[in-house]
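In the numbering used here, the protein residues as written are 901 to 1782. Glycine included, C-beta positions come from ideal geometry on N, C-alpha and C.
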């Protein structure tokens, strides 16, 4: 029936029927007619059956329709006739067909209506899959989590306050981009594995940047080395031969010696007396006679002869030697002497060969002057181009070319410096401290322009630097400006992806990291109630029509260490898909896999003021003026409020007419003081029954336990247990459990310090920075905890930086880490902590670190070697430093 209706309408419109396809749930009719300028205009009519039996049948049918239609080339219009008024097609269903035909002109008509009346056109402006995701993604593209953490009653869309943030190319790992560099030269003797590694690095560096670090011709060095290898091979063959000959000679001598012994024994006649003469001495006499070539050397006059001075044995009847039968015995003795001589000769040769055995050594000279010259010239060229871009924003192609050049340059240098020998001959002096305004490689350009180039990218930044908001804003723009056939962006917070995957999937990780990641993406989208199906996603991945924005690697790397490998392998499996990731800490496994890296920088004054203006919508109440005046009066606070997180916290306080704070720690202290009852007292409201000190103790304990477990959220029941242990440690009444439950409940409501984090009813502190602050306060308050246990672990880095702002003098901690042999391991974190100290204290701490690094581990070694050392006594000594 549907097919007949389409045929009738095609005839009315003047289309000749080209072919038809009949299937169980659909039919396809293709028609064509002559159009202007001799071209052929082709149209496809699709008649769809019920499709309502199950989602799986529906999805498969739509996909089959797309495949069938996709074989029809040159389509200019698609008309879909639905079998009933109840049958509806989603935008994503239409997009499957649209993509198959490369046609955006689609009309859908219900059964019983004339095909020529009021078609519903799906033009290239339609979103299709982008729209299927866009509606569901709205909850991801605002600052609801942060606003909940700040107890704000409503969230804001990212595009209502987003301010572009400057960024620097590269990360801290790219130390060669800053500071003075000096080259070095070294003559080395390398073993084969070391040589092959060095030569491979040299070849890679030359291929990438056209510079050699090995002086001289590597082929000639290899040939010289091969000659030495061949000589050693010859020596080994001679050793094998000589060893085999020595073994044969030893066996032969043993056999001949046995014959001599038997012959000597046969010469003894009854009544003959050989006083103090052993058979072996008689053999010695025979051998002596053979060596002297005179069997009658001793004679038969009966005089005694000293045959072996060392044994002091005398022969009384030496005339026996003259009477020995010579037939055969002389031949045996002569042969024995010859074989023994040859044996000694070959053994001497064998010893010489063995002494000549050495591991083949390659003598090579490493000269880094060409590499350093390349770095200096290259980075100066990069600086000039960046300065030009900061004056005149680059065009898309120009920026793409620059980013490729930068990545190619830095990758080549990083490959060279990854080799220990090469890096030891490139002296990079400590970089000066740059201000926010003159930082090298600072690009005053929207990060979104970089994302538009389609490069795989890692976005790094400190806590609250704007990594999340930058990716959210890019996804918002891409969805708002989406045109059919172009790439759109899927924003995916990794902590929510993992949670959705664990909730919905039974898939084993043994299937490999990429299937797990793909499954996680599908589960995450399903948790948003998105219309994007697994079929759509597979098509998107294969076609490269999507950018995946994975936010927060640092938040999940501990519980999902496979995530980085999964992302890298995914990008290789789907090279057409743009993959972007964000993280606080530079992850070498991403940089080693050819990813462009950028680091978000702090706000400039202008960017921060722009953020305030957008937040307050033109500032009708002069709040921006009040904030800027406060920051001008409190320079230390102004120096801290340099990122979207703290700027948001300041805006929320200003909106509530709360006096503005005067330090980062002060900001957090002010927030928690506000949430723990102070704001209620301003409103003359009394609804919190737990004392604010108990609430703070419970919040700190929960935060510390979550951080120990590398978690950002947990169930309320787990929190009850942690709270009970915390309260019971100082409150010994029977109602500790009841007090703990009340404290946790009040931290949720009305305090809103604990906020919902998952659909499963798990709770956390909202932004990770708030959790880290509470952990730092706990470490500072409860010194019974082992403060230095996590020094050097990336997950704990920012906790210790905040701790340094609270703890003051760090001499005790530096001394403790030195005694434990862990100062060098935690040097990056310790250095960041020292930077939080006043200038005079900072200089003293830096000198202490410099001295202690020379003895790092000395005390630990002494402790390990001294079994009598009392660990409790050491902890007591550390308490003194604390």
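Check: Is the region 1669-1686 in contact with the region 1593-1600, if contact means three or more CB pairs nearer than 8 angstroms?
Finding: Taking 8 angstroms as the limit for Cβ pairs, the verdict is that the region 1593-1600 does touch the region 1669-1686.
Checklist line | Neighbourhood of residue 1105 by C-beta distance below 7 angstroms, restricted to the same chain and skipping five residues each side | finding: 1111, 1113, 1312, 1315, 1316
Checklist line | beta strand (DSSP E) segment containing residue 1068, residue limits | finding: 1067-1069 is the span of the beta strand (DSSP E), which, as asked, contains residue 1068.
Notebook entry, point to check: Can you list, in chain order, the stretches of the beta strand (DSSP E) that have 3 or more residues and sit fully within the region 1254-1294?
Noted result: Listed in chain order, they are 1262-1267.
Check: Using CA coordinates, which residue listed in 1463, 1103, 1069 is at the minimum distance from residue 1286?
Finding: Distance check between residue 1286 and each of 1463, 1103, 1069 places 1069 closest, using alpha-carbon atoms only.
Check: Given that a residue counts as buried once 16 or more other Cβ atoms are within 10 Å of its Cβ, and exposed if not, what is residue 1747?
Finding: By the neighbour-count rule (16 or more Cβ atoms within 10 Å), residue 1747 is not buried but exposed.
Notebook entry, point to check: When the Cβ atoms of the region 1721-1740 are set against those of the region 1644-1657, are three or more pairs found closer than 8 angstroms?
Noted result: Contact fails: fewer than three Cβ-Cβ distances are below 8 angstroms.
Notebook entry, point to check: Can you tell me where the alpha helix (DSSP H) with residue 1471 in it begins and where it stops?
Noted result: 1463-1473 is the span of the alpha helix (DSSP H), which, as asked, contains residue 1471.
Note to self: Assuming contact is defined by CB atoms lying nearer than 7 angstroms, are residue 1596 and residue 1622 in contact in what I supplied?
What the structure shows: Not in contact: residue 1596 and residue 1622 (Cβ atoms no closer than 7 angstroms).
Next item on the list: Tell me, please, which residues DSSP counts as bridged to residue 1539.
Entry: DSSP output for residue 1539 lists no bridge partner at all.
Checklist line | Proximal residues to residue 926 (C-beta, below 7 angstroms), its chain only, five neighbours per side dropped | finding: For residue 926, where only same-chain residues beyond five positions count, the Cβ hits under 7 angstroms are 946, 947, 948, 949, 961, 965.
Note to self: Checking the sheet assignment: what are the DSSP bridge partners for residue 1478?
What the structure shows: Note: residue 1478 sits in a beta bridge opposite 1447.
Notebook entry, point to check: Around the Cβ of residue 937, are there at least 16 other Cβ atoms within 10 angstroms (buried) or fewer (exposed)?
Noted result: Note that residue 937 has pLDDT 48, beneath the 50 cutoff, so the model's placement of it is unreliable and the number below is only indicative. By the 10 Å Cβ count, residue 937 comes out exposed.
Check: Among 1617, 963, 1007, 969, which one has its Cα closest to the Cα of residue 982?
Finding: 1007
Check: Do residue 1733 and residue 1701 have their C-beta atoms closer together than 7 angstroms?
Finding: yes
Item checked: Spatially closest choice to residue 1396 from 1662, 1703, 915, 1081, by CA coordinates -> 1662
Checklist line | Neighbourhood of residue 1538 by C-beta distance below 6 angstroms, restricted to the same chain and skipping five residues each side | finding: 1531
Check: Just to confirm, are residue 1356 and residue 1264 a CB contact at a threshold of 7 angstroms?
Finding: No, the Cβ-Cβ distance between residue 1356 and residue 1264 is not below 7 angstroms.
Note to self: Tell me which residues share the same chain as residue 1455 and place their Cβ nearer than 7 angstroms to its Cβ, disregarding the 5 neighbours each side in the sequence.
What the structure shows: 1394, 1395, 1612, 1668
Note to self: For residue 1388, report the span of its beta strand (DSSP E) as first-last.
What the structure shows: 1388-1393
Check: Taking contact to mean at least 3 C-beta pairs separated by less than 8 angstroms, is the region 1503-1522 in contact with the region 1539-1554?
Finding: yes
Check: Can you tell me whether residue 1326 is buried or exposed, with buried defined as 16 or more other CB within 10 angstroms of its CB?
Finding: buried
Item checked: Cut-off 6 angstroms between Cβ atoms - residues of its own chain near residue 1082, not counting five sequence neighbours on either side -> 1327
Notebook entry, point to check: Who are residue 930's beta bridge partners in DSSP?
Noted result: Beta-bridge annotation (DSSP): residue 930 is paired with 919, 944.
Notebook entry, point to check: Nearest CA to the CA of residue 1688: which residue from 1671, 1109, 1707?
Noted result: 1707
Check: Can you give the Cα-Cα distance for residue 1637 and residue 1497, rounded to whole angstroms?
Finding: The straight-line gap separating the alpha-carbon atoms of residue 1637 and residue 1497 is approximately 49 angstroms.
Checklist line | Which of helix, strand or coil DSSP assigns to residue 1664 | finding: strand
Notebook entry, point to check: In terms of residue numbering, what span does the alpha helix (DSSP H) encompassing residue 1533 cover?
Noted result: 1523-1533
Item checked: Closest by C-alpha distance to residue 1391, when choosing among 1609, 1060, 1372 -> 1372
Next item on the list: Compute the Euclidean distance between the alpha carbons of residue 1785 and residue 906, then round it to the nearest angstrom.
Entry: Outside the shown range of the chain (901 to 1782) lies residue 1785, about which nothing can therefore be said.
Next item on the list: Pull up the DSSP beta-bridge partners for residue 1716, would you.
Entry: Answer is none; residue 1716 lacks a bridge partner.
Note to self: Is the beta carbon of residue 1476 closer than 7 angstroms to that of residue 1517?
What the structure shows: Annotated as distal: residue 1517 and residue 1476, with beta-carbon spacing of 7 angstroms or more.
Next item on the list: Report the rounded CA-to-CA distance for residue 1066 versus residue 1568, giving the unit in angstroms.
Entry: Taking the straight line from one Cα to the other gives about 25 angstroms.
Check: Does the distance from the C-beta atom of residue 1242 to that of residue 1149 stay below 7 angstroms?
Finding: Yes; because the gap between Cβ atoms is below 7 angstroms, this pair is in contact.
Next item on the list: Mind checking which residues open and close the alpha helix (DSSP H) that includes residue 1601?
Entry: 1592-1608
Next item on the list: Name the one or two DSSP bridge partners that residue 1342 has.
Entry: 1068
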